[in-house]
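Chemist: Here it is, the structure, as structure tokens.
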Amino acid sequence: MKKKIAVVYGGQSHEHEVSLRSGLTFLQQIDYAKFSVTPVLITKDGVWTKYKELNSSINSLDELHIDENFQNAMTYDWQTNIDVFFPLIHGETGEDGKLQGFLELINVPYVGSNVEASAVGMNKVLSKMVASQLGAVNIVPYTFIRKETYSSNAEITLEFDYPAFVKPARAGSSVGVSKVYNEEELKVALNSAFKVDSLVLIEKGINGQEIEVAVIGKENPEASVVGEIEFVSDFYDYENKYMNDSSIMHIPARIDEALQETVRKQAINVYTSIGCEGYARVDFFLEKETDLIYFNEINTSPGMTNKSMFPVLFSNKYSFTELLSEIIEATIN
Numbered sequence: 015m016k017k018k019i020a021v022v023y024g025g026q027s028h029e030h031e032v033s034l035r036s037g038l039t040f041l042q043q044i045d046y047a048k049f050s051v052t053p054v055l056i057t058k059d060g061v062w063t064k065y066k067e068l069n070s071s072i073n074s075l076d077e078l079h080i081d082e083n084f085q086n087a088m089t090y091d092w093q094t095n096i097d098v099f100f101p102l103i104h105g106e107t108g109e110d111g112k113l114q115g116f117l118e119l120i121n122v123p124y125v126g127s128n129v130e131a132s133a134v135g136m137n138k139v140l141s142k143m144v145a146s147q148l149g150a151v152n153i154v155p156y157t158f159i160r161k162e163t164y165s166s167n168a169e170i171t172l173e174f175d176y177p178a179f180v181k182p183a184r185a186g187s188s189v190g191v192s193k194v195y196n197e198e199e200l201k202v203a204l205n206s207a208f209k210v211d212s213l214v215l216i217e218k219g220i221n222g223q224e225i226e227v228a229v230i231g232k233e234n235p236e237a238s239v240v241g242e243i244e245f246v247s248d249f250y251d252y253e254n255k256y257m258n259d260s261s262i263m264h265i266p267a268r269i270d271e272a273l274q275e276t277v278r279k280q281a282i283n284v285y286t287s288i289g290c291e292g293y294a295r296v297d298f299f300l301e302k303e304t305d306l307i308y309f310n311e312i313n314t315s316p317g318m319t320n321k322s323m324f325p326v327l328f329s330n331k332y333s334f335t336e337l338l339s340e341i342i343e344a345t346i347n
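Numbers in this note's numbering are just positions in the sequence shown, counted from 1, shifted up by 14.
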């Protein structure tokens, strides 16, 4: 008998549009011989829209048909109608433990990291603390500022040299990220980042390669090959990730095999130290002058679009369809 999957996408985060793309790709790539799929959209206003069950692929989200009998997420009998949820909401409310907490309250299994791991992984400051202490990995020199304690009139002194990166601490897809070269640019970037999050990370810019590893599983996590993002632009911001062709994926990364194996082991260390399960993507910097590997961040709900790194990293072993099956079956078996 087919297992019944509910894929949840959209959400109230700044990554709503990316999540829509991930949701559509999921509906196109899932193995309908094994699974039936119920699409569930969460709008930008937080309203849940349940669509009728699918048993074959679609070309567009416009092809979905609303389930008129669905009233609201709190009263619907999910346990009878769904075997497992697959959350594909990126960013706040979907990747930070909130959605996971709701799914635990309604007692339906879900794919991916639990509440605690999701919350830690989503917070760039907390994830650096945990990964460095428990995962024994290097982290880039950084500081952080809270919006409520920040004054634009105050002088900002960093304990490391420019350039620096300014990042909302609890957002993904490089939303609100800026590269700055002096204090004046830093203050402008902070104002921009505070529009996304009240907690902002400032970290030293590393002259190096951005390398990434996908990880799946729980008890015995499996790491993918190491991938590399080569920038045509100055850095990999939101537009370059999803709007422009200004980056090149190198898979495998342009580093020697011994270093690749070290990165893969460190990715698993980060994954397990934070308590992740299901799947995640772990990002690092490789400093050119020293060959030091620095943990950058972990994504517990990485993008599943046609430009996303996660599925491509496992493409030497699994097709996209096989990869989704592997992740889901590890949860329900």
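We treat Cβ as the ideally placed atom computed from N, Cα and C, and that holds for glycine.
What is the residue span of the beta strand (DSSP E) that L215 lies within?
Modeler: Counting along the chain, the beta strand (DSSP E) containing L215 begins and ends at L213 to K218.
Chemist: In whole angstroms, what is the alpha-carbon distance linking T57 and S188?
Modeler: One C-alpha to the other measures close to 21 angstroms.
Chemist: Tell me, to the nearest whole angstrom, how far the beta carbon of P182 is from that of G219; I am working on the premise that it is less than 8 angstroms.
Modeler: That pair is no contact at about 17 angstroms.
Chemist: Please return the same chain residues whose Cβ sits closer than 8 angstroms to the Cβ of E130, not counting the five positions on each side in sequence.
Modeler: Hits under 8 angstroms: G111 and G289.
Chemist: Over what stretch of residues does the alpha helix (DSSP H) that includes T171 continue unbroken?
Modeler: Taken as a continuous stretch (DSSP letters only), T171 belongs to no alpha helix (DSSP H), as it is neither H nor E.
Chemist: In or out: V61 buried (at least 16 other Cβ within 10 Å) or exposed?
Modeler: V61 is exposed by the Cβ-count criterion.
Chemist: Just verifying my parser: in three-state terms, what is the DSSP assignment at P155?
Modeler: Here P155 sits in coil by DSSP.
Chemist: Which residue marks the beginning of the alpha helix (DSSP H) containing N205, and which one marks its end?
Modeler: It spans E197 to A207 - the alpha helix (DSSP H) in which N205 sits, taken as one unbroken run.
Chemist: Please classify S70 as buried or exposed, where buried requires at least 16 neighbouring CB atoms within 10 angstroms.
Modeler: S70 comes out exposed.
Chemist: My parser needs the alpha helix (DSSP H) runs of 4 or more residues fully inside the region 276 to 330; what are they?
Modeler: You should have 323 to 327.
Chemist: Measure how close the beta-carbons of V296 and V229 come, nearest whole angstrom, since I'm counting them as under 8 angstroms.
Modeler: Contact flag correct, Cβ pair sits at about 6 angstroms.
Chemist: Please determine, among Y124, I243 and F208, the residue with the shortest C-alpha to C-alpha distance to N347.
Modeler: With distances taken between Cα atoms, N347 lies closest to Y124.
Chemist: Does the beta-carbon distance from V21 to L34 come in below 8 angstroms?
Modeler: Result no, Cβ atoms of V21 and L34 do not sit closer than 8 angstroms.
Chemist: For V98 and T276, what's the separation of their Cα atoms in angstroms?
Modeler: Spanning the two alpha carbons is a distance of roughly 34 angstroms.
Chemist: Report the start-end ranges of each alpha helix (DSSP H) in the region 20 to 103 that is 4 residues or longer and not cut off at the edges.
Modeler: Counting whole runs of 4 or more residues, the region 20 to 103 contains the alpha helix (DSSP H) stretches 30 to 43 and 92 to 95.
Chemist: Name the one or two DSSP bridge partners that S261 has.
Modeler: Bridge partners of S261: F245.
Chemist: Where does E106 sit, in a helix, a strand or coil, going by DSSP?
Modeler: Coil at E106, not helix or strand.
Chemist: For K142, report the span of its alpha helix (DSSP H) as first-last.
Modeler: From DSSP, the alpha helix (DSSP H) with K142 extends over K138 to L148.
Chemist: Quick check on this structure: which residue in R184, I96 and A145 has the alpha carbon closest to the alpha carbon of N137?
Modeler: Of the listed residues, the one whose Cα sits closest to N137 is R184.
Chemist: Which of the three DSSP states is assigned to T345 in this structure?
Modeler: T345 falls in the helix class under three-state DSSP.
Chemist: Are N283 and A150 close, meaning C-beta to C-beta below 8 angstroms?
Modeler: Yes, the pair counts as a contact, with Cβ atoms nearer than the cut-off.
Chemist: So, under 8 angstroms CB-CB, T39 and N320 are touching, yes? Tell me the CB distance rounded to an integer number of Å.
Modeler: At roughly 6 angstroms, the Cβ-Cβ gap stays under 8 angstroms, so T39 and N320 are in contact.
Chemist: Per the DSSP calculation, K17 is bridged to which residue(s)?
Modeler: DSSP output for K17 lists F49 as bridge partner(s).
Chemist: State the CB to CB distance for the pair S141 and E311, rounded to an integer number of angstroms; the pair is presumed to be in contact (CB under 8 angstroms).
Modeler: Indeed, because the Cβ distance is near 6 angstroms, the residues count as touching under 8 angstroms.
Chemist: Got a sec? Which residues, its chain only, sit under 6 angstroms from F158 by beta carbon, not counting five neighbours each side?
Modeler: Hits under 6 angstroms: V139 and L215.
Chemist: When DSSP labels each residue in this structure, what does S132 get in the three-state scheme?
Modeler: It is helical.
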